[in-house]
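Engineer: Here our numbering is used: the first residue of the sequence shown is 8, the next is one more, and so on. No residue lacks a Cβ here, since even glycine has one placed at the ideal position from N, Cα and C.
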Amino acid sequence: MAGTKEIKRRIKSVKNTKKITKAMELVAASKMKRAVASTLASRLYAGYSWEVLTSIAKNIEENSHPLFTEREKKGGVKANVLLVLITSNRGLCGSYNAQVIKKTISFLKSQNINLDPVRSRSLEHESATVTSGRPASNGVDIVSVGKKGDVAMRRLGVNVVATFADLSNNISLTEVVPISKFTIDEYILLHYDKVLVAYTDFISALNQKPNIKQILPVSKTELQDLINNLAPTPGEVGVPTESVGREKSISYLIEGDMNTLIGSLAEKITRMQIYQMLLESNASEQSSRMVAMKNASDASGEMIDDLTLVFNKARQGNITREISEISAGMASVS
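1. Determine which residues share a DSSP beta bridge with residue 214 and list them.
2. Using 10 angstroms around the beta-carbon of residue 204, count the other beta-carbons present and answer buried if the total reaches 16, otherwise exposed.
3. Could you tell me the distance, in whole angstroms, from the CA atom of residue 112 to the CA atom of residue 93?
4. Identify the residues that DSSP records as bridge partners of residue 147: which are they?
5. In the DSSP assignment, the beta strand (DSSP E) including residue 167 goes from what residue to what residue?
6. For residue 38, count the other beta carbons within 10 Å of its own beta carbon; 16 or more makes it buried, fewer makes it exposed. Which is it?
7. Could you say which of 307, 275, 95, 331 lies nearest to residue 27 if we only look at CA atoms?
8. What residue from 42, 216, 312 has the CA that sits closest to residue 175's CA?
9. Looking only at its chain, what residues have a beta carbon closer than 7 Å to the beta carbon of residue 187, apart from the 5 residues adjacent to it on each side?
10. What residues in its chain sit with their C-beta under 8 Å from that of residue 109, if we drop five residues either side in the sequence?
11. For the putative contact between residue 96 and residue 173, defined by C-beta atoms under 8 Å, what is the C-beta separation to the nearest angstrom?
12. By alpha-carbon positions, which one of 30, 331, 19, 303 ends up nearest to residue 101?
13. Quick one: what does DSSP say residue 107 is sitting in, helix, strand or coil?
14. Counting pairs of beta carbons, one from the stretch 71-80 and one from the stretch 320-331, are three or more of them closer than 8 Å?
15. Which residues does DSSP list as the beta-bridge partners of residue 221?
16. Considering Cα atoms alone, identify which of 47, 62, 148 is closest to residue 163.
17. Report the three-state DSSP secondary structure of residue 93 (helix, strand or coil).
18. When you compare only the Cα positions, how much space is there between residue 55 and residue 62?
19. Please report the distance separating the alpha-carbon of residue 51 from that of residue 123.
20. Nearest to residue 155 by CA position, among 179, 22, 106, 13, is which residue?
21. Tell me, please, whether the stretch 211-225 touches the stretch 280-299 by the rule of three or more beta-carbon pairs shorter than 8 Å.
22. So what does residue 317 bridge to, in DSSP terms?
23. Measuring CB to CB, does residue 184 end up less than 9 Å from residue 89?
24. Quick check on residue 293: buried or exposed, where buried means 16 or more other Cβ atoms within 10 Å of its Cβ?
25. Would the beta-carbon of residue 19 fall within 9 Å of that of residue 318?
26. State the Cα-Cα distance for the pair residue 274 and residue 196, rounded to the nearest angstrom.
27. Would you call residue 262 buried or exposed, if buried means 16 or more other Cβ atoms sit within 10 Å of its Cβ?
Spelled out as structure tokens, the structure:
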């Protein structure tokens, strides 16, 4: 059994660790509250905007605009896919990063992408770095939003064509512009046949779900699924349950060139999709971090209790031994 001094030192060390994790828990809780409020508040606008695009898309020809055109590959040739992977820049957030990276790896394997760990590749990060102009032939390329996903994909040897890191905790629509512009431009230039986003849906503080959704070409089915998923629960930021995901047909009178309007609207709403997914992921990250730090604080408390019990037993043993030695000394004198 360790001496009492060593046990006291360990107790002090664990108490100091608990102070740190408790502080991080409180900070994460504050950030989570703001992130969740932003996520829930934006769902109403996102739902309405996607409904507008879905309603207009029903009245246009399938191949009237590049952003709505499905590109078919013939002769067994695989489609080129651009996957936007949203992760965090930092760790200490439980399984948040691991889950969305695992989902991405499963998707890559389903596309028969060869994953070879590359340990020697340089892993330098900048706030927005474009590393390649053209995709690898017949494969999947990654646009990483967040350093954790960038590191994971590069280590697996996946082609990362752009990295966007160091987004603020309070994500603004302005920060999304470079990401959406890059993805839309690459798609319009025919470098890719599909653009997908791997992100984490925020369900509750204890429940987050990794997802992969198609944003380009604009899919009516995907949009309707997103609208249905945005249906709020009663009482959330004062939004009535019927306000999103309703079955209502609205007719729009469109003036001017249809393709110009559709193109402009599709680009703006694609940007809104990415923005909403970033908000969902940010809320999930802060929730996971708060829960992880709470679990760490609770574990520290349990460890302190266990060490205190060990300390008391050791101290009691020392006292008993000293009393025995005194009694033996007195007996020998007498």
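Structural biologist: According to the structure shown:
1. As a first step, residue 214 must be located in the sequence shown, where it is residue number 207. 211, per the DSSP bridge assignment.
2. Residue 204 sits at position 197 when you count from the first residue of the sequence shown. Residue 204 should be labelled buried.
3. By one-based count along the sequence shown, residue 112 stands at place 105. By one-based count along the sequence shown, residue 93 stands at place 86. Taking the straight line from one Cα to the other gives about 13 Å.
4. Sequence index remark: in the sequence shown, residue 147 carries index 140 (1-based). Paired residues: 88.
5. Within the sequence shown, numbered from 1, the residue matching residue 167 stands at position 160. Run containing residue 167: 167-171, per the beta strand (DSSP E) assignment.
6. Here residue 38 is taken as the residue at index 31 of the sequence shown, counted from 1. The residue in question, residue 38, is buried, as its Cβ has 16 or more Cβ neighbours within 10 Å.
7. Taking the sequence shown and counting its residues from 1, the one referred to as residue 27 is at position 20. It is 307.
8. Position 168 of the sequence shown, counting from 1, holds the residue named residue 175. It is 42 whose Cα lies nearest to the Cα of residue 175.
9. As a working note, residue 187 is residue 180 in the sequence shown. Result list for residue 187: 277, 278, 281, in chain order.
10. In the sequence shown, the residue the question calls residue 109 occupies position 102. So the qualifying residues of the chain are 217.
11. For this step, residue 96 is matched to residue 89 along the sequence shown. For this step, residue 173 is matched to residue 166 along the sequence shown. Correct: roughly 7 Å between the Cβ atoms.
12. Here residue 101 refers to the residue found at position 94 when the sequence shown is read from its first residue. Ranking the options by Cα distance to residue 101, first place goes to 303.
13. The residue labelled residue 107 in the question sits at position 100 within the sequence shown. DSSP places residue 107 in helix when its eight states are reduced to three.
14. no
15. In the sequence shown, residue 221 corresponds to position 214, counting from 1. In DSSP, residue 221 forms a bridge with 203.
16. Within the sequence shown, numbered from 1, the residue matching residue 163 stands at position 156. Considering only alpha carbons, the answer is 148.
17. In the sequence shown, counting from the first residue as 1, residue 93 sits at position 86. It is a strand residue.
18. The sequence position of residue 55 within the sequence shown is 48, counting from 1. The sequence position of residue 62 within the sequence shown is 55, counting from 1. So the two alpha carbons sit approximately 10 Å from each other.
19. Working through the sequence shown from its first residue, we reach residue 51 at position 44. Working through the sequence shown from its first residue, we reach residue 123 at position 116. When rounded, the distance between both Cα atoms is 42 Å.
20. Within the sequence shown, numbered from 1, the residue matching residue 155 stands at position 148. Considering only alpha carbons, the answer is 106.
21. yes
22. In the sequence shown, counting from the first residue as 1, residue 317 sits at position 310. Paired residue(s): none; residue 317 is not in a bridge.
23. The residue labelled residue 184 in the question sits at position 177 within the sequence shown. The residue labelled residue 89 in the question sits at position 82 within the sequence shown. No, the Cβ-Cβ distance between residue 184 and residue 89 is not below 9 Å.
24. Working through the sequence shown from its first residue, we reach residue 293 at position 286. When all chains shown are included, residue 293 counts as buried.
25. Numbered from its first residue, the sequence shown carries residue 19 at position 12. Numbered from its first residue, the sequence shown carries residue 318 at position 311. No, the Cβ-Cβ distance between residue 19 and residue 318 is not below 9 Å.
26. Within the sequence shown, the letter at position 267 stands for residue 274. Within the sequence shown, the letter at position 189 stands for residue 196. Computed Cα separation, rounded: 14 Å.
27. Stepping through the sequence shown from its first residue, residue 262 is reached at position 255. Exposed, by the Cβ-count rule.
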